[in-house]
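Note that numbering that gives the first Met the number 0 numbers the sequence shown so that position 37 is 36, with each residue one more than the last. Structure first, then comments.
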Amino acid sequence: MRLERLLKLQLLYCLLGILFNLISWFMLSQGTKALTPTDPGAGIIVMSVYGLFLISGKMRKRSLYRILMGLSVAIFIYGGLIKHIIGLNQSPEVYYSLVSGLVAIGINLFGLVLNSLAALEKFT
Numbered sequence: 000m001r002l003e004r005l006l007k008l009q010l011l012y013c014l015l016g017i018l019f020n021l022i023s024w025f026m027l028s029q030g031t032k033a034l035t036p037t038d039p040g041a042g043i044i045v046m047s048v049y050g051l052f053l054i055s056g057k058m059r060k061r062s063l064y065r066i067l068m069g070l071s072v073a074i075f076i077y078g079g080l081i082k083h084i085i086g087l088n089q090s091p092e093v094y095y096s097l098v099s100g101l102v103a104i105g106i107n108l109f110g111l112v113l114n115s116l117a118a119l120e121k122f123t
């Protein structure tokens, strides 16, 4: 995969994560349950910082980009994937719905694949 395409897909992942958390934040502000138990404000901040990580790829700082993507894999594999899988199994009532939990897992799985490709330098 070309680096430019990978970065566009990673930006899409970033925007999906921010949008998901914005919707969750809006739902909380309306007095309903958030989509997931993740604090949406923290989720927005984390995804925004991740978006800044992508600048290193855009600037073709390959080593820094790969390190930051490796860090992203380590963070998102637990916080975005494992945490939601365990949460849906052990405490599904803290999720707005099964679908919202599965969407969160799907978004993070998408990002995990992309970030793994980047960290392993599977791009040209």
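For glycine and all other residues, C-beta sits at the position ideal for the given N, C-alpha and C.
{"query": "Buried or exposed (CB count within 10 angstroms, at least 16 for buried), L119", "result": "exposed"}
{"query": "L6 vs L116 beta-carbon contact at 8 Å", "result": "no"}
{"query": "C-beta contact flag for Y162 and L87 at 8 Å", "result": "Coverage of the chain is limited to positions 0 through 123, which leaves residue 162 absent and any answer about it impossible."}
{"query": "For P39 and L27, believed in contact at Cβ under 8 Å, the rounded distance", "result": "7 Å"}
{"query": "Nearest residue (CA-CA) to G105, options V48, Y12, P36", "result": "Y12"}
{"query": "Closest Cα partner of F122 within the set L80, V98, G56, S99", "result": "G56"}
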